[in-house]
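Notes to accompany the following structure.
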Amino acid sequence: MIGLSHYLIVSALIFSIGLIGVLRRRNLLMLFFATEVMLNAVNIAFAAISHYYNDLAGQMFAFFIIAIAASEVAVGLGLLIVLYKKYGTLDLDDLASMKG
Amino acid sequence: MDNILSVLVFFPAIAGLLGFVVHKDSARAYGITVAAIEFFLSLWLWFSFDSANAGMQFVEMIPLIPDFGVSYYIGVDGISLFIIIMAALMTLIGMMSMSVTKNIKNMIITLLFLEMTMIGVFVALDAIIFYLFWELSLVPMLYIIGAWGGPLRVYASIKFFLYTFAGSLIMLVGMLFVAYVYHNLTGVWSFAITDWYALVLPVDYQLWLFAAFFFGFAIKVPMFPFHTWLPYAHGQAPTIGSVILAAVLLKMGTYGFVRFSLPMFPDASVMMITPIAVIAIIMIIYTAMVAYAQKDIKQVIAYSSVSHMGIIMLGIFAMNAEGIGGSVFQMLSHGIVSGALFMLVGVIYDRRHTKLMSEFGGLASVMPKYAVIFGIMLMAAVGLPLTIGFVGEFLVLLGFYQISPIMTILAGTSIIIGAIYMLAVYKKSFFGPITNEANKTLKDLDRKETWSLVPLVLIVIWLGIYPKPVLEPIDNSVKAMLVFMDEKAITQEAKDMIRVAKSSKGGV
Amino acid sequence: MENLVYIALFAPFASSMFAALFGMSPRQTFVGIVASSLLFISFVASAILAYHVYSTGTSIHVTMMEWISAGDLTIPFGFLVDQVSVTMMTVVTLVSTVVHIYSIGYMDHDKSFNRFFSYLSAFVFSMMILVMSDNFAGLFIGWEGVGVCSWLLIGFWYHKEDVTREENPSISPSWAANEAFIVNRIADLGMLVGIFIIYWNVGSLQYDVVFADLPNLSSSVLNAAALALFIGAMGKSAQFPLHTWLTDAMEGPTPVSALIHAATMVTAGVFLVIRANPIFSMTPEVSFFIAALGTFVAFFAASMALVNRDLKRIIAFSTLSQLGYMFAAAGLGAYWIALFHLAAHAFFKALLFLGAGNVMHAMDDELDIFKMGGLKKAMKWTYIYMGLASLALAGIPVFAGFFSKDAIIETAFNEGTYVLWAILVITAGMTAFYSFRQVFLTFHGDERYKEAGIHPHEMYKFVLIAMSPLAVLAVIAGFFMGGFQEFVTKLLPNYEMSHHTHELIWYLTAIVLVFAIGGIWLAYKKYAKGLKRDEKLENSFVYKLLANQYYIPNFYEAFITKPYAMISEMMWKNVDMKIVDATVDGIAKLIYKSGDGSRKMQTGNLSNYLNWMAIGAVLLLVVAALSAMLG
Amino acid sequence: MYEIVAFYLFSALTIGLFLVTVLSKNVLYAMTSLAAGMVLISGFFFILGADFLGAVQLVAYVGAIMALYSFAMMFFDATRDIKEKNTNPALVFLLGGLSAVVLVLMFAAPIHSDAIQALYPMHEGVGNAQDVGIILFTKYLVPFEVAALMLLVAMISGIILAGKKMDQSLTEDMSADDEILTQKDEK
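As you go down the protein sequences, you meet chains Y, A, F and G in turn.
Counting from 1, position 97 in the first sequence corresponds to residue 97 in the working numbering; the numbering is continuous, with no gaps.
Basically the working numbering = 1-based index in the second sequence + 1000.
Basically the working numbering = 1-based index in the third sequence + 2000.
Basically the working numbering = 1-based index in the fourth sequence + 3000.
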C-alpha cells in the first residue's frame, strides 16, 4: 500500500532535484524551471497530506501556490525579457553588476 | 519653583535651539549668559536644598509610557546636587575661557545641548531617562572632538563614541533585565530607580547585573584596561572638550556606581570589592607611571585623570561613609582641578600651538601669573591639604583602610607617584632657563583667562579649607544609602562589610 | 589668651599674603620690613603665651571651626597651646623673625625679593599649624604645608639650569626641590597610614582622645601606628634612608637653609615623636629602633661632614647628625631632653647657617671652603658668631650644645645601651672636628680667596644685630635647662638619670669633653695654619666614599630614578600602546576585517547567493530537525 | 494495485524528467521535460483524489505557464546550448542530497504522531470539486480574491515589462527618446 511517507519522499526527492537545479544553473531561465520543479514538489506533499488526513487545507495551499507560480512566471519572464534586451544574455556570471 | 530641575535640564537646550537665530558675533556672549543663568539656577537649587534631608528632593514625575512604567522621573539628593552645580559651573567657565573662533555658534549650541544631557544624567531617577541622557551626551562630545579637534580627531572621536557606546549597550541589557525581574516579582513594569532599590535580588542575579552595569560604567570612568580611549579623546579634543570631558563626563561612570551598583546590588558590590580594588590600584599606579613617560602636557593630565578616577573607584567600594563620601567629594575636586589644568594647558597651546614639554622650559619667568595658578592647581591635584584635592583623597584612603590596609598603602602611593609626574611636568615646563626663543615673548594670562581661572582657584582653596557646606549633604545621603544597603544585603558577609556610620539617622 | 593664639598663628599668614600682593612686582624693602614686623608680633604673642603657660601651668585649647566631617570622622581646626607646642612656637617664631630680618639684607639684590618673603612667611604659618594643631590631621596639614613651602623655597632660583652630578651634587635648585618634595611624600604616606590606623582603632584623631584611649589598644596596633608615624617623621627629619634630600636642599637661599633645613622643619619629625610620646612610650621596640636609627644617622652624617668641602653641606650634614641625636634621645624616652636639644640646636644651627650666609654673600656665592681662608679679618662679627655656634655645636661647656647634647649621651649611658653611647661619644668628637675644620678653613690661615679675585666684605650692620639674639641664646640657653625641664615635664614624662649615672656623671662628661676638645685640637692642628692638601688621603677609598655620600645618591639614581623612568616609558610604549590599546584596536580591526572579508561574499552573482541561501537553509533545517529530535 | 503501479511509474518518470530539466544543456529539452513532468504530477493529484487540483495543474501549469515560457523563449536564442561553468558541483550535490535527507526526516517525523486534527475535513460522498469549491468560496474567499487580483497585477506588469517600447531600452534615460526623435528629424 502506498502511504503518505512514499509521497513525501518523492516530494522531497523532487524538491532536492529542484534545489540542485537552483544551485547548479547559471542561466536565469533555467533557474526559473528549477523553481517550478520545487514548487511542484511542495504541491505533491500538500496534496498527499491533504489526502491522508482528509483535510482540504492542503489542497487549498497547493491551489494558491499554483496561482502564485503563475504570477511569478508572468512578472519574472517580463523581467527576463527586459534583462535580455539590455545585456543580451541571461547568464548570471555575466550579470554580476552588484559586486560588493 | 517646584519644577526647578526640569528648568535646569531643559533651559540650556531650549536656549541652545534659540541660539540658532543669534548672530554669530554675539553667540559667545549669548552662550555665556545662558550658562551663567543656568549656573545661578543651580546655585539657587543648592540654597533651596534641604541639607538635613538625605532623600530625594525636588522630585518630579510625569508618566510617559505608563504601560511599561517609563516616566519622566527626576530628583536630586546630596550625592548628585553638587555634581550638577559643578557641571553648570564648568560649562560656564569653559565657555568663558574658550578660545575657539571657528564655527563659534555651533560650538555654543553644542555645549548647551551637552549641558542638558549632563544635568539630565545626574537628575534622572528613571533608568530609561537616565539611559537616554547618558547616550545623548555622546553626540555633542563626538561633534566637539570631531569638528574642532586635532589631526587625529576622527579616529579619536569615533573611538570615544564606539567604545563608550558598546559599554552602555551592555548596561542597557542589564537595565531591561532588572525591569523584567521587577515585573516578574511585582506584576507591574517600572523603570524608576527608587522602585528598583526595593528589589531584593538573589546573589547570582546581582552578580550578573553588576557585571552588566559594570561595563557601562567602567568604560565611562574609564577603568583600566578600558581607559585607552581617554588619552586619544583628550589629546585630540579642543580645550573646552577636554574640560567638560574630564570634569563632568567621566563622573557619570562613578556616579553610576554610586547610584545603581551599590544600592541595587549590595551583596554583589561587597563581593566585587577585591577585584575592583585591584583594578583601581592598577589604574592608580600604572597610569601614573604612564603619565610620567608622556611628552605632551595634555596627555600627562589625561593619564592623571585615570589615576585620580582610580582613587574615586576605590573610595566607592570602601563601603563606609568616609570612603564613599570622600569619593563623591573627590569627583567634584577632580572635576574642578582637572578642568582647570586642561584650561591651563589650553592657555599655552593657544600661544605656542604645541603641547610638548620639550618646547617649553622656564615659563615661570615670562608667565608668572600662569605659573602661580598652574602651581596651585598642581598642588590640588597632588592632594595638598587645604586644597580641594586633599579632602577627597584623604577620606577615600581613610575609608578604604578599613577594608584592606595593604591595598590602601598601595593606593596611597598615588600621593608619591602623583607628585612625581606632576612635579616633573612643572619642572620641565616652568623651571630652568628659557631655552626656546619662541617662549621669550609669551604674554601672561590675559583678562579673559584670568577671570575664568581665578574663580576655580578660589573654589579650590575655599573647599579645601571649609568643605563642610558641600560635604555635609553628601555625607547625609551617603550615610542613608549605607543604612539602606546594610538592611537590604542578604548575605552575612555583605552585612559585615558595609559599615554604617554611628551617626546615621535612618534609611532612604 | 585665645586672641593671642590666633595672632601668633595668623600673623605669619597675613605677612605671607601681604608679600604675595607684591609678589610679581620688583623689590620693595617695605615688604620685608612689614613681614618681619608681623613675624615679630607673632613671636611676641608666642612669648606671652609661653609665659602664660609657664606661670599658670594650664594649656589653652581653641577650636576655630570644623574642617572635615564625614561618616564618624570629625576633624576640627583646633589649636592647642601647651608646654610642648608653646616651646616650639617660641623657637619657630624667634628664629623666623631673625631669619626674616636677615633676609632683608641677604636677598637685597634678588629681583624676587617680595616673592621670597611671601614663601618664607607661608612656611612659618604652616609650621605654626604643624606645632599648634590639636589633632593628627591638623598636624598633617602643617606637615604638607611646610613640605610645599620647602619645595618653593629650595627651588626659589628655579631659573637655574640642570647640570651633571659631578658639577653640582644637587643638579639644580628645581631638581633638589622636587627631590625633597617627593622623598617627603614617601614618608607622608607612612604618616597617613599612621593616621588611618589611629582613626580606625580609636575613632578620633584628637590628641587627647587618642592618648586617653591608648591603653585599650593591642600592642600590634600600637606598634604599627608608632612605626607608621615614625616613617613620616623619618622623611621630614631626613633620617636614613630618606636623608639625601636635605643636603641637596642647600640649593635654596641660605636663610631658607637656616630656617627650614636646620631650625624648624627638619625637627618636625622629632616634634612628632615628642608630641605622640604616649604612643612611643608604649612601644619599646619601635622606640629602640628610633634610638638606634638616630644614633646611626648621627654617626653616618657626621662621617660625611668630615670630608665635605661645601660650607653649607657641612652644616647640613651636621644638622642631620644632630637630628640623629634628638631621635636617639626621644627613642630612649628622654622626650624633654630631645625637645631641649631641638630648641638649643635651632638657635646655634640657625646662627651657623646665617653666618655661612654672610660668608657666601661676601664670597660671591662661593661655597668651597678650600677656596676661602683668613676671612676673620674681613668679617669679624661673622667669625665670632660662627665660632660661638661651632663651640655650641661641638658641645663645649657653658655653650648651649654642651648641656643638651651631653644629656643625650648620658641618657644613652643611663639606659644601658652602651653601644649607642659609645657611638654618640665618638660622633661628638667628629662633630667637634668637622665644625672646627670648617671654621679654621674659612676664617684662619692663608687668604686663598684672593686667587679668585674676590673682595670679601662684612654683612650689613642691621643683619649682624638681628643675628645677635641667636648668638646670645646659643651661649646661654643651656643655663635654662633646669627650668625647662620643670616646665615641659608637666606634660612630657620626666626623665631623670639613675643614681648610678649620677655618680658617674663627671666621668661621662669628661669623656665627652675629651673627644670634643680632641676633635677641635685635631682640626686646629691640621687646618688652622692653612690648607695642606693630602693627595694620598683624598684618593683613598674611604675619603672618596665619604665625599660621595657613600654613593647613596648615585645608588638611588641608578636603582630607583632611572629604572622608574625606564619602566614608565616601557609601560606606556609597550604595555599601554602595544597591549591594552592594541587589544581594543584589535577588536575594532577584527570587526572591520570580518566585514571586509564577508564583503567578498557579495559577488554580485545570483548563483552564489543562492548557494549561500541553500547552505543557510540546510543549516536551519538541520537545526530544526535536531531540535525536534532532541526536544 | 493500480495505485501502486501508477505511483511508482509516475515517480520514476517525474524524477527522471525533472532531472533532465535540471541537467540538460538545451533549453528546449529542459522545457519540454518540465512540461511533461508537470503533466505527470497532475497524475499524482488524480491518484490522491484531488481531482480539481489535478485539473488546475493541467490547465494552469501545463496550459498557461508552459505556454508563457514558450512564448518567452521566442525572445531568447533557444537553439544554442547553454554554456555554464560549474564551479563546485560537489557542493551542489552535497547540498541537494543533504536537504533531501533532512526534508525526508522532517516530513517523516510528524507522521508518527497522529495528533493531527483535520481543519477542513473532506465530506463523504461529495465530489472533490464541490468540496473545494465550498471551502474556496467560504473560508478562502478573501485569499482567493486577493490571488485573483495578484494575477491581474502580474499579468499587467508582465505585459508592460515585456511589451512596452519593445524597440527601446527601458533602463536608460528616457530623455534619450527625444534625442532619437530629433535625430530622425534631422535625417
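We put the CB at the ideal spot given by N, CA and C, even for glycine.
A quick note: this is a predicted structure, and the numbers were derived from the prediction, not measured.
>> Taking the straight line between their C-alpha atoms, what separation do you get for residue 1491(A) and residue 1273(A)?
In response: By 1-based counting over the second sequence, the position of residue 1491(A) is 491. By 1-based counting over the second sequence, the position of residue 1273(A) is 273. Taking the straight line from one Cα to the other gives about 15 Å.
> Quick one: does residue 2070(F) have its CB under 7 Å from some CB of chain A?
Replying inline: Start at 1 with the first residue of the third sequence, and residue 2070(F) comes out as number 70. Chain A, which has a Cβ nearer than 7 Å to the Cβ of residue 2070(F), makes this yes.
> From residue 1049(A) to residue 2063(F), what does the alpha carbon distance come to, in whole angstroms?
Replying inline: Indexing the second sequence from 1 puts residue 1049(A) at position 49. Indexing the third sequence from 1 puts residue 2063(F) at position 63. Computed Cα separation, rounded: 28 Å.
>> Taking the alpha helix (DSSP H) that residue 2260(F) belongs to, which residues open and close that run?
In response: In the third sequence, the residue the question calls residue 2260(F) occupies position 260. That residue, residue 2260(F), is in no alpha helix (DSSP H); it is neither H nor E in DSSP.
>> Using a Cβ-Cβ distance cut-off of 7 Å, determine whether residue 2165(F) contacts chain A.
In response: For the purposes of this step, residue 2165(F) is taken as the residue at position 165 of the third sequence. Not one chain A Cβ lies under 7 Å of residue 2165(F).
> Which full runs of the alpha helix (DSSP H) of 4+ residues lie inside the stretch 1390 to 1421 of chain A, going along the chain?
Replying inline: 1405 to 1412
> For a contact meaning CB atoms closer than 8 Å, what does residue 984(A) contact in chain F?
Replying inline: Since the first residue shown for chain A is 1001 and the last is 1508, residue 984(A) is missing from the structure and cannot be characterised.
>> Using the three-state DSSP reduction, which class does residue 3001(G) fall into: helix, strand or coil?
In response: On the fourth sequence, position 1 is the one that residue 3001(G) refers to. The answer is coil: DSSP assigns residue 3001(G) none of H, G, I, E or B.
>> What does the alpha-carbon distance come out to for the pair residue 2079(F) and residue 2036(F)?
In response: Along the third sequence, one-based indexing puts residue 2079(F) at 79. Along the third sequence, one-based indexing puts residue 2036(F) at 36. Cα-Cα distance, rounded: 24 Å.
>> Less than 7 Å between the C-beta atoms of residue 1377(A) and residue 1423(A), yes or no?
In response: For this step, residue 1377(A) is matched to residue 377 along the second sequence. For this step, residue 1423(A) is matched to residue 423 along the second sequence. Going by C-beta atoms, residue 1377(A) is not nearer than 7 Å to residue 1423(A).
> Using a beta-carbon distance below 7 Å, is residue 3094(G) in contact with chain F?
Replying inline: Translated into the one-based positions of the fourth sequence, residue 3094(G) becomes position 94. Not one chain F Cβ lies under 7 Å of residue 3094(G).
> Does the count of Cβ pairs from the stretch 1150 to 1163 of chain A and the stretch 1249 to 1261 of chain A closer than 8 Å reach three?
Replying inline: no
> Three or more beta-carbon pairs under 8 Å between the stretch 2120 to 2139 of chain F and the stretch 2297 to 2307 of chain F, yes or no?
Replying inline: no
> Secondary structure at residue 1054(A), three-state DSSP: helix, strand or coil?
Replying inline: Taking the first residue of the second sequence as position 1, residue 1054(A) is located at position 54. Residue 1054(A): coil per DSSP, three-state reduction.
> Do the CB positions of residue 2414(F) and residue 2382(F) come within less than 7 Å of each other?
Replying inline: Taking the first residue of the third sequence as position 1, residue 2414(F) is located at position 414. Taking the first residue of the third sequence as position 1, residue 2382(F) is located at position 382. No, Cβ-Cβ distance for residue 2414(F) and residue 2382(F) is not below 7 Å.
>> Is there a Cβ of chain F sitting closer than 7 Å to that of residue 1415(A), yes or no?
In response: The residue labelled residue 1415(A) in the question sits at position 415 within the second sequence. Yes - at least one Cβ of chain F is within 7 Å of the one on residue 1415(A).
>> Once the 5 residues before and after residue 1222(A) are set aside, which same chain residues still bring their CB inside 6 Å of it?
In response: Residue 1222(A) sits at position 222 when you count from the first residue of the second sequence. Closer than 6 Å at Cβ, skipping near neighbours: 1230.
>> Could you check whether residue 26(Y) and residue 92(Y) sit closer than 7 Å to each other, using their CB atoms as the reference points?
In response: Taking the first sequence and counting its residues from 1, the one referred to as residue 92(Y) is at position 92. Taking the first sequence and counting its residues from 1, the one referred to as residue 26(Y) is at position 26. Their beta carbons are under 7 Å apart, which means residue 92(Y) touches residue 26(Y) by this criterion.
>> Rounded to whole angstroms, what is the Cα-Cα separation between residue 2215(F) and residue 2206(F)?
In response: Along the third sequence, read from residue 1 onward, the residue named residue 2215(F) stands at position 215. Along the third sequence, read from residue 1 onward, the residue named residue 2206(F) stands at position 206. So the alpha carbons of these two residues sit roughly 16 Å apart.
>> Mapping the DSSP letters down to three states, classify residue 1201(A) as helix, strand or coil.
In response: For the purposes of this step, residue 1201(A) is taken as residue 201 along the second sequence, with counting starting at 1. DSSP places residue 1201(A) in coil when its eight states are reduced to three.
>> Helix, strand or coil, according to DSSP, for residue 2457(F) in the structure here?
In response: Your numbering for residue 2457(F) matches position 457 in the third sequence. The answer is coil: DSSP assigns residue 2457(F) none of H, G, I, E or B.
> What are the boundary residues of the beta strand (DSSP E) that residue 2075(F) is part of?
Replying inline: Taking the first residue of the third sequence as position 1, residue 2075(F) is located at position 75. It spans 2073 to 2081 - the beta strand (DSSP E) in which residue 2075(F) sits, taken as one unbroken run.
>> Let's test the definition: count the other Cβ atoms within 10 Å of the Cβ of residue 2602(F) and tell me whether it reaches 16, buried, or not, exposed.
In response: Residue numbering aside, residue 2602(F) sits at position 602 when the third sequence is read from its first letter. Exposed: under 16 other Cβ atoms inside 10 Å.
> Under 7 Å Cβ-Cβ, which residues of chain A neighbour residue 2161(F)?
Replying inline: For the purposes of this step, residue 2161(F) is taken as the residue at position 161 of the third sequence. Neighbours of residue 2161(F) on chain A, chain order: 1432 and 1433.
> Alpha carbon to alpha carbon, what distance is there between residue 2458(F) and residue 2430(F)?
Replying inline: Mapped onto the third sequence, residue 2430(F) falls at position 430. Mapped onto the third sequence, residue 2458(F) falls at position 458. Using only the alpha carbons, I get a separation of about 30 Å.
>> Check whether chain G comes within 7 Å of residue 2622(F), counting only Cβ atoms and requiring the distance to be less than that.
In response: Residue 2622(F) sits at position 622 when you count from the first residue of the third sequence. At least one chain G Cβ lies under 7 Å of residue 2622(F).
> What are the boundary residues of the alpha helix (DSSP H) that residue 1186(A) is part of?
Replying inline: By one-based count along the second sequence, residue 1186(A) stands at place 186. Per DSSP, the unbroken alpha helix (DSSP H) holding residue 1186(A) starts and ends at 1153 to 1186.
>> My parser needs the alpha helix (DSSP H) runs of 4 or more residues fully inside the stretch 2071 to 2143 of chain F; what are they?
In response: DSSP runs (the alpha helix (DSSP H)) wholly in the stretch 2071 to 2143 of chain F: 2083 to 2106 and 2113 to 2132.
> Is residue 1165(A) near residue 1213(A), with beta carbons less than 7 Å apart?
Replying inline: Taking the second sequence and counting its residues from 1, one reaches residue 1165(A) at position 165. Taking the second sequence and counting its residues from 1, one reaches residue 1213(A) at position 213. Not closer than 7 Å, so no.
>> Between 3146(G), 3029(G), 3150(G) and 3158(G), which has its C-alpha nearest residue 3081(G)'s C-alpha?
In response: Locating residue 3081(G) in the fourth sequence gives position 81, where the first residue counts as 1. Out of 3146(G), 3029(G), 3150(G) and 3158(G), 3029(G) has the C-alpha closest to the C-alpha of residue 3081(G).
>> Alpha carbons only, please: which of 3068(G), 3150(G) and 3106(G) is nearest the one belonging to residue 3032(G)?
In response: To locate residue 3032(G), count along the fourth sequence from 1; it is residue 32. Per the Cα distances, 3068(G).
> For the stretch 2179 to 2206 of chain F, which residues have a beta carbon sitting closer than 7 Å to at least one beta carbon of chain A?
Replying inline: 2181, 2182, 2185, 2186, 2188, 2189, 2192, 2193, 2196, 2199 and 2200
>> Check whether chain A comes within 7 Å of residue 2024(F), counting only Cβ atoms and requiring the distance to be less than that.
In response: The count along the third sequence starts at 1 and reaches residue 2024(F) at position 24. Yes, contact with chain A.
> Whole alpha helix (DSSP H) runs in the stretch 2367 to 2418 of chain F with 4 or more residues, listed along the chain?
Replying inline: 2380 to 2394 and 2400 to 2414
> Among residues of its own chain, excluding the 5 on either side of residue 1321(A), which ones have a beta-carbon nearer than 7 Å to its beta-carbon?
Replying inline: Counted from its first residue, the second sequence places residue 1321(A) at position 321. Taken in chain order, the residues that qualify are 1475, 1478, 1479, 1482 and 1501.
>> Give the list of continuous beta strand (DSSP E) stretches no shorter than 3 residues that lie fully inside the stretch 1020 to 1077 of chain A.
In response: 1057 to 1065 and 1070 to 1076
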